[in-house]
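Everything below concerns the one structure shown next.
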Amino acid sequence: GLNEMTIPRAAILASLGTIAMLFLSIIWIGWGAYSFLGQMDGAFVTVDESSIKEGDRWAWEVMLLFDTCEP
89 GLNEMTIPRA AILASLGTIA MLFLSIIWIG WGAYSFLGQM DGAFVTVDES
139 SIKEGDRWAW EVMLLFDTCE P
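Count along the sequence shown from 1, add 88, and you get the number used in this note's numbering.
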């Protein structure tokens, strides 16, 4: 017949396997979030401020002034 420790041993191995998979999932999700945040930070660094400025003002300030000032 079956050994008396077969079922508890299988349950212990299943529990250890579950803990290992949870640990790997946490690492995987954490690494994904870390790399995503790095990509987001990198996306905003590439903007050249001189290309969106006109003189000493931002482009949106110039448009706002032109839209609100009467000729």
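C-beta atoms are modelled at their ideal positions from N, C-alpha and C, and glycine is treated no differently.
Beyond the five residues adjoining it in sequence on each side, Ser103 comes within less than 7 Å, by CB distance, of no other residue in the same chain. For Ala131 against Ile140, the beta-carbon gap comes to about 15 Å, at or over 8 Å, which does not count as contact.
For Arg145, the beta-bridge partners assigned by DSSP are Glu142. Listed in chain order, the non-local C-beta contacts of Glu142 below 8 Å within the same chain comprise Val150, local neighbours out to five positions each way being set aside.
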